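Here the sequence shown is numbered in my numbering, starting from 124 and rising by one per residue.
Quick reminder that beta carbons are idealized off the backbone N, C-alpha and C, glycines included.
Given the structure is predicted, the values throughout are model-derived calculations rather than measurements.
Step one of this worksheet: look at the structure below.
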Amino acid sequence: MSVRLCVLSVLFAIPIGLHQPVSAADIQGGMTQYDYFNSFFVRFPSTSPFYPDPARAGDPAAPPIDVEIAYNGRIKEVWQNQGGDEIEFEVVDVFGIGDLGGTPFHITGGASAPQLAPFVGTYSQLVRDPSSLGFATGDPSSLTSAFRRASGPFAQILNPGTAEEVVVYGATPYAFESTITSLPYEVGQELIGTDDSLVDLRLQLGAAPSGTDPVIGQALPNGYIRITRVVPEPVSASMFVPLGITLWCFTRRRRRESS
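Next comes the structure, spelled out in structure tokens:
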């Protein structure tokens, strides 16, 4: 082979080598905590013990009244390893504190409301950045877009820890949908309640929720969550042990539910 042919062979080979596609590893499981703000509306009929207008309480002709519930809280999310075009996750803990017309309340879910079903969801339609250093290693930072849907029940505890404590809970799951642009989420990420999330609220009369508990209102669709802070996790070897246990427990739990 002539020198010229050798040079041409090398020149044509270089671009091919430079443009070899980088293989993507599936996104690996993880855990993050977020501080958040939540606002949603509850509709009380006149027959509800929580009807805001005492003068017309109990009057069947009185119109229902919508009341805004707003508070700040913290959630912890655990996501599994990517499977195909989806990642399953669970909101393993929800805890918020607010005040409603001078009445303090807590919002709970997940581990903070063990009497209720889990709050679970899925990331789908995953889009990742091939130029990201995490693209080939499965680092969640390579995620640039995904559709997020999560649903589950929640409880609202009025006058918590007092003799006047009252527990109200969702009889069916409340769902949130959004398009996320990063994992973990960025500050300012919004999660919006779906149009089909019209949830009956029951007043807990006994030590645990019951199908005979009376319906006292409805949580309306289009509730709003905004991420206000990503809670930093300590970087140490000790943190990986509980994270592994949490992921294992989540996997086991999901398998039992699907069986």
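Residue i, buried or exposed, once every other Cβ within 10 Å from all chains shown has been counted against 16
i      : result
ASN282 : exposed
ILE303 : buried
SER171 : buried
GLN248 : exposed
VAL214 : buried
ASP336 : buried
GLU211 : buried
GLY346 : buried
LEU324 : buried
GLY329 : exposed
VAL322 : buried
LEU256 : exposed
Residue i and residue j closer than 9 Å at C-beta
i      : j      : result
SER274 : VAL250 : no
GLY219 : ARG197 : yes
ASP176 : ILE192 : no
PHE270 : ALA147 : no
GLY206 : ASP262 : no
ARG349 : THR317 : no
GLY340 : VAL217 : no
SER301 : ILE315 : yes
SER320 : ALA298 : yes
Residue i in three-state terms, based on DSSP
i      : result
ALA259 : coil
ALA178 : helix
SER301 : strand
SER264 : helix
GLN238 : coil
ASP208 : coil
LEU131 : Confidence is the limiting factor: at LEU131 the pLDDT is only 49, short of 50, which leaves the residue's position unreliable and the question unanswerable from this model.
VAL217 : strand
ILE315 : strand
Minimum C-alpha distance to residue i - residue among the options
i      : options                           : result
GLY152 : SER320, VAL201, GLY284 and TYR194 : VAL201
GLY224 : ASP262, PHE270, PHE173 and THR267 : PHE173
LEU343 : PHE167, ILE150 and TYR159         : PHE167
TYR194 : ASN161, PHE212, ALA178 and GLN203 : ASN161
GLY284 : PHE212, VAL354, GLY206 and PHE228 : PHE228
THR351 : TYR157, PHE164 and PRO186         : TYR157
GLU356 : LYS199, GLN312 and GLN205         : LYS199
GLN312 : LEU326, VAL353, ALA286 and SER333 : VAL353
PRO307 : SER264, GLY346 and GLY181         : SER264
MET154 : LEU326, ASP222 and GLN203         : GLN203
SER169 : PRO183, SER254 and PHE299         : PRO183
PHE163 : GLN327, GLY221 and ASP208         : GLY221
Spatial neighbours of residue i in its chain, beta-carbon cut-off 6 Å, leaving aside the 5 residues before and after
i      : result
PRO276 : LEU239, ALA240, GLY293 and PRO296
TYR246 : ILE210, ALA269 and ARG271
Sequence-distant residues of the same chain with beta carbon closer than 7 Å to residue i, five excluded per side
i      : result
ILE280 : PHE228, HIS229, THR231, GLU288 and VAL290
SER235 : ASP216, VAL217 and PHE218
VAL310 : ILE350, THR351, ARG352 and VAL353
THR260 : ALA148
ALA180 : SER169 and TYR174
VAL190 : PHE164, VAL165, PHE167 and PRO175
heavy atom of the ligand PLP below 8 Å from residue i C-beta
i      : result
GLY221 : In the structure on display, the ligand PLP does not appear, and there are no ligands present to speak of.
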